[in-house]
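Take a look at the structure set out below.
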Amino acid sequence: MNTNTEPASSAPAKAPATFYNADSYVAGGDSVAHLVARVFNAFHQDLERRFEPSGLTNAQWKPLFKLSTGEVSTVAELARVCTLDAGGMTRMLDRLEAKGLCQRERSSEDRRVVKLALTDAGREAAKVVPQVLSEVQNAYLAGFSVEEWHTLKDLLRRLLDNANQQPSA
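Encoded structure:
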């Protein structure tokens, strides 16, 4: 099993696959991109529904959870791991602060740095995140064997590695 989550940057370039042909391409259906997008959209809709009773939105669970694990402690770090720009992160934190889930404080050592901390309510709200994520993912994996689960993750990592090898726009 491959547990590497980083793209293989030193790997030699691979020739593109020839599974799809422009002359016979049909949008949607069996397209890998279409299937991945449908799973992604369904997953996020289910998360939105499942987080609703706790007062969280699908967009709010990730920053809340990342803060609760101690993985990040500043606005810049949180924006990076949540792949949000500065404006989007500010709006997200405004909403989380309005709900009483986190607070911001300027660093006394470097005024450019804004530190983040969860409130007691934020720590409580973050406790539901792993449970909801586990339940939704397990529901999507119903009928999969452990081997199939590992294979699926390996294939998705390979797909992501290939995507990360593509030239940036």
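In terms of my numbering, the sequence shown opens at residue 8 and continues consecutively.
Glycine residues also receive a C-beta, built at the ideal position from the N, C-alpha and C atoms.
Being a predicted model, the structure only gives us computed values, none of them experimental.
Where residue i falls: helix, strand or coil (DSSP)
i	result
E112	strand
A93	helix
V121	strand
Q173	coil
L166	helix
S141	helix
K106	coil
A149	coil
N9	With a pLDDT of only 47 at N9, under 50, the local geometry of the prediction cannot be trusted, and the value read off the model is given with reservation. In the structure shown, N9 sits in coil (DSSP, three-state: anything other than H, G, I, E or B).
Same chain, Cβ closer than 7 Å to residue i, five either side skipped, listed in chain order
i	result
Q52	none
S80	K122 and L123
R130	S75
C109	L74, L100, L103, L123, A124, L125, T126 and G129
A93	A86
First through last residue of the alpha helix (DSSP H) which encompasses residue i
i	result
G129	D127 to A133
Cβ-Cβ distance between residue i and residue j below 8 Å
i	j	result
F72	V136	yes
V82	R118	no
V143	R45	no
6 Å CB neighbourhood of residue i in its chain, flanking five on each side removed
i	result
E55	N65
A133	L71, F72 and S75
8 Å CB neighbourhood of residue i in its chain, flanking five on each side removed
i	result
R113	V120, V121 and K122
A20	Q172
A34	H41
So within the stretch 18-87, which uninterrupted alpha helix (DSSP H) runs reach at least 4 residues, ignoring any that extend past its ends?
39-58 and 65-76
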